[in-house]
Amino acid sequence: MLSLIKEKGNEMKRVIGILLALFLVLSLGACGDSNQPVETEAPDLVADDAVEEPEYVDEEEEEAEEVPIPDSLLVRALTSDEMRAFEAEHAVTAEQERYLAFGAFVPTNNQESIRVFAMGESGNHAVRILANSWSVTDQESALVQLENLSGGRGQSPVADDIFHTLVLNGRFEPLDAIELFMTGFDFAGLEHVYRSAVSRAERMEDEFELLFAMVGAPEEDREEVFELFVFMQFADRINRGLEAYQGAMALLMESFGFTEEELLSIPTLAAWDYGRTAIIARYGYAAGYVEEDVAWAHLKIAADSAAQTYSSWREFTAAYISGRALAFGNPSADTRDTLDFLLNHPESAFQNIAFRVA
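Sequential numbering from 1 applies to the sequence shown in our numbering.
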């Protein structure tokens with residue numbers, strides 16, 4: 001197998017490049033990836049009735065009044081009279097509202113209230129979301145996801161591996177799957193990433209068969225080709241994560257005043273899991289998979305763990321966004337308005353709810 005790769009070196013790299021591009025498209029659009037959050041594309045936040053730029057005013061003329069910047073669609077939705085009425089109708093206790101606040105990111109991005117446990121979605125919609133995005137189809141699979149997320153055992157260990165082993169050591173250079181396969185690679189510190197790559201490769205049977213056919217290896221080399229396939233998933237996961245992380249750092253530092261020291265001193269990226277616990281809790285309840293008391297129990301576990309791990313909503317936010325980038329591998333530009341609302345808007349939960357309670 002190694003001799004075959006050496007003989008076809010450049011051709012193999014071209015084929016692998018094509019396949020990696022294909023896998024990227026499939027992974028971003030795949031419905032069966034249980035580790036994908038329920039995140040929809042961020043809406044265009046330029047208001048339809050945006051105020052036109054004011055005409056030039058001569059310096060000798062009286063200073064023009066400041067033209068107000070219209071609220072974004074996200075702000076309008078979250079602070080509308082309809083939203084306030086919905087929240088009043090389905091009000092929860094102050095303690096429960098605090099638990100929900102730790103899961104504010106995805107609902108806020110989707111223009112949904114995080115101050116209530118009830119959802120405006122139908123049970124059938126919740127069933128589809130859970131099945132397509134999380135591979136949750138019944139009570140058992142819902143409880144497994146809840147336990148993993150509230151315990152910080154979802155995808156945050158993958159993010160933590162990359163953060164502590166590569167990011168903190170300044171290792172941002174892209175990995176080459178073929179080079180890793182040919183020369184060997186020390187997975188120390190990246191074991192969770194490797195296991196995730198194996199799991200992903202095992203789920204992608206059709207794509208592996210395509211690779212096997214394109215490589216043209218004899219049947220006795222199938223296991224080695226599969227090992228190469230795993231290296232492809234491993235390298236792709238890390239490369240996309242590191243690229244997204246650098247974008248997330250730039251966003252947090254340039255737009256929200258975070259310092260590099262703040263971002264690199266985060267103890268763990270488990271916030272990525274704690275913050276998504278509410279997705280399974282709320283959708284699971286709406287789908288009929290999770291009893292309400294069970295959902296609240298896991299929300300409490302996630303909130304308590306987050307409060308013990310981080311010092312503030314700000315640090316929790318940095319950990320969540322960093323974990324999202326490294327584990328999810330998606331750009332963070334689509335979170336700008338969500339972050340702006342949560343960190344800066346006077347009506348956001350982060351501005352009105354204590355991160356820790358006495």
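No residue lacks a Cβ here, since even glycine has one placed at the ideal position from N, Cα and C.
Inset, instruction - To the nearest angstrom, report how far apart MET232 and PHE328 are at their CA atoms. - result: Each residue's alpha carbon lies about 16 Å from the other.
Inset, instruction - Could you tell me which residues DSSP puts in a beta bridge with VAL116? - result: Looking at the DSSP assignment, VAL116 forms a beta bridge with ALA91.
Legend entry - Burial state of VAL370 (16 or more Cβ within 10 Å): Past the boundaries of the shown model lies residue 370; the chain is included only from 1 to 358, so the question cannot be answered.
Inset, instruction - State yes or no: is the C-beta of GLY275 within less than 8 Å of the C-beta of GLY103? - result: Yes, these two residues count as a Cβ contact at 8 Å.
Inset, instruction - Can you have a look at VAL225 and say buried or exposed, based on whether 16 or more other CB atoms are within 10 angstroms of its CB? - result: VAL225 should be labelled buried.
Inset, instruction - Flag this pair as touching only if the region 128-145 and the region 289-304 have three or more C-beta atom pairs under 8 Å; answer yes or no. - result: Note that the region 128-145 touches the region 289-304; at least 3 beta-carbon pairs, one per stretch, sit closer than 8 Å.
Inset, instruction - Kindly examine the ligand HEM and report whether one of its heavy atoms sits closer than 7 Å to the Cβ of ALA333. - result: Looking for the ligand HEM in the displayed structure turns up nothing, as the structure carries no ligands at all.
Inset, instruction - Just confirm the distance between the C-beta atoms of VAL116 and ALA91, as a whole number of angstroms; I'd bet it's less than 8 Å. - result: Indeed they touch by this definition, with Cβ atoms about 7 Å apart.
Legend entry - VAL290, DSSP secondary structure in three states: Reduced to three states, the DSSP call for VAL290 is coil.
Legend entry - At least three beta-carbon pairs within less than 8 Å, the region 255-269 to the region 300-316: These segments touch.
Inset, instruction - Can you have a look at ARG237 and say buried or exposed, based on whether 16 or more other CB atoms are within 10 angstroms of its CB? - result: Residue environment: ARG237 is assigned as buried (16 or more neighbouring CB atoms within 10 Å of its CB, all protein chains considered).
Inset, instruction - Sort ALA306, ILE178, GLY184, PHE172 by Cα distance to TYR245 and report the nearest one. - result: Of the listed residues, the one whose Cα sits closest to TYR245 is PHE172.
Legend entry - Spatial neighbours of ALA286 in its chain, beta-carbon cut-off 7 Å, leaving aside the 5 residues before and after: Excluding residues within five positions, the ones whose Cβ falls inside 7 Å are MET119, GLU121, GLY123, ALA126.
Legend entry - TYR283 versus THR183 - alpha carbon distance: Straight through space, the alpha carbons of THR183 and TYR283 are spaced by roughly 45 Å.
Inset, instruction - List the endpoints of the continuous alpha helix (DSSP H) containing PRO366. - result: Summary: the structure shown does not reach residue 366, with the chain confined to residues 1 through 358, and so no result is reported for it.
Inset, instruction - Give me the Cα-Cα distance between PRO157 and LEU166, rounded to the nearest whole angstrom. - result: Taking the straight line from one Cα to the other gives about 14 Å.
Legend entry - Assigned secondary structure, SER34 (DSSP; H/G/I helix, E/B strand, else coil): No answer about SER34 holds up, because its pLDDT of 39 lies below 50 and its placement is not dependable.
Legend entry - From ASN110, ILE114, PHE105, PHE187, residue whose alpha carbon lies closest to that of PHE86: If you compare the alpha carbons of ASN110, ILE114, PHE105, PHE187 with that of PHE86, the shortest gap goes to ILE114.
Inset, instruction - For ASP160, count neighbouring Cβ atoms within 10 angstroms of its own Cβ and tell me buried if that reaches 16, exposed if not. - result: With a 10 Å radius around the Cβ and a threshold of 16 neighbouring Cβ atoms, ASP160 comes out buried.
Legend entry - Euclidean distance between Cα positions of THR93 and TYR99: If you draw a straight line from the Cα of THR93 to the Cα of TYR99, it is about 10 Å long.
Legend entry - Closest residue to MET249 among PHE163, ARG222, ALA235 (Cα-Cα distance): For MET249, the nearest C-alpha among the options comes from PHE163.
Legend entry - Residue of ARG153, ALA217, ALA235, ALA131 minimising C-alpha distance to ALA368: Residue numbering for the chain in the displayed model covers 1 to 358; residue 368 lies beyond these limits and cannot be assessed.
Inset, instruction - Taking ILE353 as part of the alpha helix (DSSP H), name the residues at either end of that continuous run. - result: Note, ILE353: premise wrong, no alpha helix (DSSP H); not H, not E.
Inset, instruction - Under the assumption that LEU339 contacts PHE256 (Cβ atoms under 8 Å), give the Cβ distance between them as a whole number of angstroms. - result: The pair is a contact, with the Cβ atoms about 6 Å apart (cut-off 8 Å).
Inset, instruction - Hey, could you find the ends of the alpha helix (DSSP H) GLU179 is sitting in? - result: First-last of the alpha helix (DSSP H) with GLU179: 177-183.
Inset, instruction - Mark GLY152 as exposed unless 16 or more other C-beta atoms lie within 10 angstroms of its C-beta, in which case mark it buried. - result: Counting every other CB atom within 10 Å of its CB across the protein chains shown gives GLY152 a total of 16 or more, marking it as buried.
Legend entry - Residue nearest to PHE208 in terms of C-alpha spacing, selected from GLU227, GLY288, GLU97: Looking only at GLU227, GLY288, GLU97, the smallest Cα-Cα distance to PHE208 is reached by GLU227.
Legend entry - ASP138, DSSP secondary structure in three states: In the structure shown, ASP138 adopts coil according to DSSP, grouped into three states.
Inset, instruction - Output the boundary residues of the alpha helix (DSSP H) element that contains ASN344. - result: Run containing ASN344: 336-344, per the alpha helix (DSSP H) assignment.
Legend entry - Cβ-based neighbour list, LEU242, same chain, cut-off 6 Å, excluding 5 preceding and 5 following: Once the five neighbours on either side are set aside, the close Cβ partners of LEU242 are PHE172.
Inset, instruction - Along the alpha helix (DSSP H) that carries GLU219, what are the first and last residues, could you check? - result: DSSP places GLU219 in no alpha helix (DSSP H); its state is neither H nor E.
Legend entry - ASN362 - containing alpha helix (DSSP H), residue span: The question about residue 362 has no answer, for the chain in this structure spans 1 to 358.
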